[in-house]
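Participant:
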């Protein structure tokens with residue numbers, strides 16, 4: 009029997025993340041394993057507001073938004089990992105280490121976001137993330153998130 013994928017649609021994602029348009033950067037979760045990893049999708053389209061200024065005549069998806077998409081993926085993984093959480097709990101972006109940008113992301117690209125849980129200590133969670141387009145890594149980084157009650 010084949011493994012069942014744990015996927016999430018946009019409604020389930022919006023129930024976990026506080027982000028909304030235009031800052032919700034995860035379109036779908038393809039699969040996740042609580043406490044281990046998550047794979048998500050971000051479809052990059054020309055009608056996103058960021059492209060009016062980044063850059064006129066040469067649209068490139070900003071690297072900081074690629075990192076934010078990876079951070080949102082870690083937040084979803086964090087929420088799907090903990091068994092008990094309050095409605096006022098958030099994962100806040102705490103640190104980025106070893107970030108590398110390897111190739112520009114442009115309208116029409118589909119980013120596959122892959123995050124892996126590395127460790128947790130005193131409500132600080134560390135992850136490794138990669139964003140890929142057509143199987144090639146376009147960005148990678150270590151990300152830390154703080155689990156906080158708001």
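In the working numbering, the protein residues as written are 9 to 158.
Just so it is clear, CB atoms sit at the ideal spot from N, CA and C, and this is done for glycine as well.
These figures come from a predicted structure and were not determined experimentally.
1) What residues match up with residue 100 in a beta bridge as DSSP calls it?
2) Just to confirm the assignment: which complete beta strand (DSSP E) runs, minimum length 3, are found wholly within the stretch 121 to 154?
3) The ligand SAH and residue 48: does any heavy atom of the ligand fall closer than 7 Å to the residue's C-beta?
4) Are the beta-carbon atoms belonging to residue 155 and residue 86 less than 8 Å from one another?
5) Would you call the CB atoms of residue 84 and residue 25 closer than 8 Å?
6) May I ask which residues mark the beginning and end of the beta strand (DSSP E) holding residue 46?
7) Going by the DSSP bridge assignment, what does residue 41 pair with across the sheet?
8) Using the Cβ count rule (16 or more neighbours within 10 Å means buried), how would you classify residue 9?
9) Could you work out which residue in 51, 105, 19, 158 is closest to residue 159 when comparing CA atoms only?
10) For the stretch 53 to 61 against the stretch 130 to 138, do three or more pairs of beta-carbon atoms, one drawn from each stretch, fall closer than 8 Å, so that the two count as touching?
11) Could you work out which residue in 95, 149, 37 is closest to residue 103 when comparing CA atoms only?
12) Since residue 36 sits in a beta bridge, which residues does DSSP pair it with?
13) Starting from the C-beta of residue 48, find all residues in its chain whose C-beta is less than 6 Å away, skip the five residues before and the five after it, and write them out in chain order.
Facilitator: On the basis of the data shown:
1) For residue 100, which the question treats as bridged, DSSP gives the partners 154.
2) With a minimum length of 3 residues, the continuous beta strand (DSSP E) runs that stay inside the stretch 121 to 154 are 132 to 141.
3) The model on display carries no ligand, and the ligand SAH is accordingly not part of it.
4) Going by C-beta atoms, residue 155 is nearer than 8 Å to residue 86.
5) A contact, by the Cβ cut-off of 8 Å.
6) Counting along the chain, the unbroken beta strand (DSSP E) around residue 46 starts and ends at 45 to 51.
7) DSSP lists 45 as partners of residue 41.
8) For residue 9, the predicted structure reports a pLDDT of 46, less than 50, and the residue's modelled location is therefore unreliable. The matter cannot be settled from this model.
9) Any property of residue 159 remains undetermined from this structure, which presents the chain solely from 9 to 158.
10) Touching, no.
11) For residue 103, the nearest C-alpha among the options comes from 149.
12) 49.
13) Once the five neighbours on either side are set aside, the close Cβ partners of residue 48 are 34, 37, 81, 121.
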